[in-house]
Structure formats: structure tokens, C-alpha cells
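Here is the structure we will look at, set down as C-alpha cells.
In the working numbering, the protein residues as written are 6 to 149.
Pasting the structure below:
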């Protein structure tokens, strides 16, 4: 039997992290800690990858990304998923149904093997506007 594990941070900061195993929410027990250790071990091996990211870690499929919800502070919810199921998409769907969430747009694109859309940096935008403003001033000065 294949094993599918999912960890995510809940919306409420006062709640404990949620872990599921094969479609069942695991309570805070020894099993909970053992499952978290398995996910963390895979995450440590994929640490250098930017989020979202999915692929093989050892002989298992690992996925770290975001859910389509935000926490109380407005931060997007993160998750990690680990499975030895060859049909990892179906296994992930089962775990997501257990917690009642879906993937966000970039995580969905990642899972589909498509390029993830990068968020625009405000610093880059401000720098670009400053350059345009400076060029406009220079051109205005030489035109007069």
C-alpha cells in the first residue's frame, strides 16, 4: 500500500499544524511526530528549490507549495506533500479533499510542469520608474 503524507499550516495561528496520512487527519501523537519527521527529511533535501517545487526526493514524490487560502495575518498557507504513490496527483487530491483546500495558481502550474509566474517586485518597479523619470528630465533639459 502506498503512503501519502501532507502537512500544512492552518488559517488560525492558535491552531496546531495539520498532518494527514492517506486521507486521515492525524492527531498530535507519536505517529504525528514520525510523519512530520518524514516530511521534514524530504523538505531538507529539497530546501534549495524555490517554492513552489515538486519532484522526486529519493524514491518518493515531494511537493512544497501554497494553498488557495490565507491565514489570519493575510499570509498564503504553505503545505508540504510526500508520497510513494506512482499516481501522485490522485494521492494529492485525496489529501487536499481531506483538509478542504485547493492549490493556489502557481502551485497548480508547478504540478502541471509549467513555468511558475513570478511575483513582481516593487523595488524593481520603483527603480524602473526612477530611471524613466531621470531620462525624461534629461531629455527635457536637452530639448530646451
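Beta carbons are placed, not taken as given, at the ideal position from N, Cα and C, and that holds for glycine.
Remember, predicted model here, so these are calculated numbers, not experimental data.
Residue 66 versus residue 59: straight-line alpha-carbon distance, rounded
Counted from its first residue, the chain shown places residue 66 at position 61. Counted from its first residue, the chain shown places residue 59 at position 54. The alpha-carbon separation between residue 66 and residue 59 amounts to approximately 7 angstroms.
Assigned secondary structure, residue 111 (DSSP; H/G/I helix, E/B strand, else coil)
Walking along the chain shown from the start, residue 111 turns up at place 106. Helix at residue 111.
First through last residue of the beta strand (DSSP E) which encompasses residue 72:
For this step, residue 72 is matched to residue 67 along the chain shown. 65–75 is the span of the beta strand (DSSP E), which, as asked, contains residue 72.
Rounded straight-line distance, which links the Cα of residue 79 to that of residue 8
Here residue 8 is taken as the residue at index 3 of the chain shown, counted from 1. Here residue 79 is taken as the residue at index 74 of the chain shown, counted from 1. Spanning the alpha carbons of residue 8 and residue 79 requires a straight line of approximately 32 angstroms.
Could you give the DSSP three-state label for residue 9: helix, strand or coil?
Within the chain shown, numbered from 1, the residue matching residue 9 stands at position 4. Three-state result, residue 9: strand.
Just mark residue 100 as buried or exposed, buried being the case when its beta carbon has 16 or more other beta carbons within 10 Å.
Taking the chain shown and counting its residues from 1, the one referred to as residue 100 is at position 95. The residue in question, residue 100, is buried, as its Cβ has 16 or more Cβ neighbours within 10 Å.
Collapsed DSSP secondary structure at residue 152 in the structure displayed
With the chain represented from 6 up to 149, any question about residue 152 goes unanswered, as that position is not in the structure.
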